[in-house]
Amino acid sequence: MKVETAPAIATERLVLSRLARHDVDDLVAMLVKPALYRYIGDAPASAVEAGHRVERWLGGSVDPDLLWINYVARVRDDGRFVGLAQATVRRARASCEVAYLVDPSVQRHGFGAEMMTGFCAELRETLNPVEFIAHIHPGHVASEGVAKAIGLTPTADRVDGELVWRSAVGP
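Have a look at this one:
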């Protein structure tokens with residue numbers, strides 16, 4: 001297995017690198033935890049379902065207008081898995097929809113905001129999208145804080161019951 005030696009994105013406490021085959025076990029372990037689904041809906045994935053989901057992320061979008069970008073975040077000091085930062089980039093509109101997951105075992109330490117701030121800065125620099133968008137479950141205070149940290153503000157729009165947050169100028 002080839003492990004990336006240079007981080008794609010480094011923050012104060014984290015290293016973010018493109019999702020790779022060696023990250024699958026950590027992602028599957030996170031995706032089966034019931035606590036992860038408190039605000040994102042759905043039931044916890046089985047190990048098999050989680051594995052299939054990660055394989056789809058590794059494979060990328062089949063739609064040529066959509067670019068899927070997935071980065072895994074780890075603690076800089078010890079390599080401990082923290083979570084996943086995701087972006088779906090619509091090339092035709094130059095919009096970038098972002099999402100993230102923080103492993104329940106390391107939540108409430110500011111990792112989500114730190115991970116997404118570094119991730120969105122990299123996206124802004126490399127892709128120069130015209131807008132960033134996130135869908136957040138109403139009342140999910142942690143995700144609202146992350147959205148504010150990356151420069152998003154709530155709109156009146158809803159998608160599948162979630163509030164749409166947007167930034168017309170990259171975070």
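Under the UniProt record's numbering, the residues of the sequence shown are numbered 1 to 171, in order. Think of the CB as a built atom: it goes at the ideal place given N, C-alpha and C, for glycine as much as any other residue.
N- and C-terminal bounds of the beta strand (DSSP E) containing S95
Note, S95: beta strand (DSSP E), S95 to V102.
So, are the CB atoms of V72 and A20 less than 9 Å apart?
Yes. Within cutoff.
Would DSSP call L152 helix, strand or coil?
DSSP places L152 in coil when its eight states are reduced to three.
8 Å contact criterion, which L123 and M30 should meet: CB distance rounded
About 22 Å; that fails the 8 Å criterion.
Here's a check: name, in chain order, each residue in its chain whose Cβ is nearer than 7 Å to the Cβ of D103, leaving out the five neighbours to either side.
For D103, where only same-chain residues beyond five positions count, the Cβ hits under 7 Å are M30, F81, V82 and G83.
Cβ neighbours of V146 in the same chain (closer than 6 Å, five flanking residues each side left out):
Answer for V146: G112, A113 and M116, listed in chain order.
Residue interval of the beta strand (DSSP E) (run including T11):
Premise fails: T11 is in no beta strand (DSSP E) and is neither H nor E.
Quick one: what does DSSP say L19 is sitting in, helix, strand or coil?
DSSP, reduced to helix, strand and coil, places L19 outside both helices and strands of the structure shown, so it counts as coil.
How is the alpha helix (DSSP H) around R53 delimited, first residue to last?
Its alpha helix (DSSP H) spans residues A47 to G59.
Restricting to Cα atoms, I'd like to know which of G151, F119 and E144 is closest to A10.
That would be F119, whose Cα lies nearest to the Cα of A10.
Under a three-way DSSP split, which group does D157 fall into?
The DSSP-derived three-state label of D157 is strand.
Could you tell me if T126 is buried or exposed, where buried requires 16 or more neighbouring beta carbons within 10 angstroms of its beta carbon?
Result: exposed.
Enumerate in chain order the residues of its own chain whose CB-to-CB distance from E162 is below 7 Å, with the five nearest sequence positions on each side excluded.
So the qualifying residues of the chain are H135, I136 and H137.
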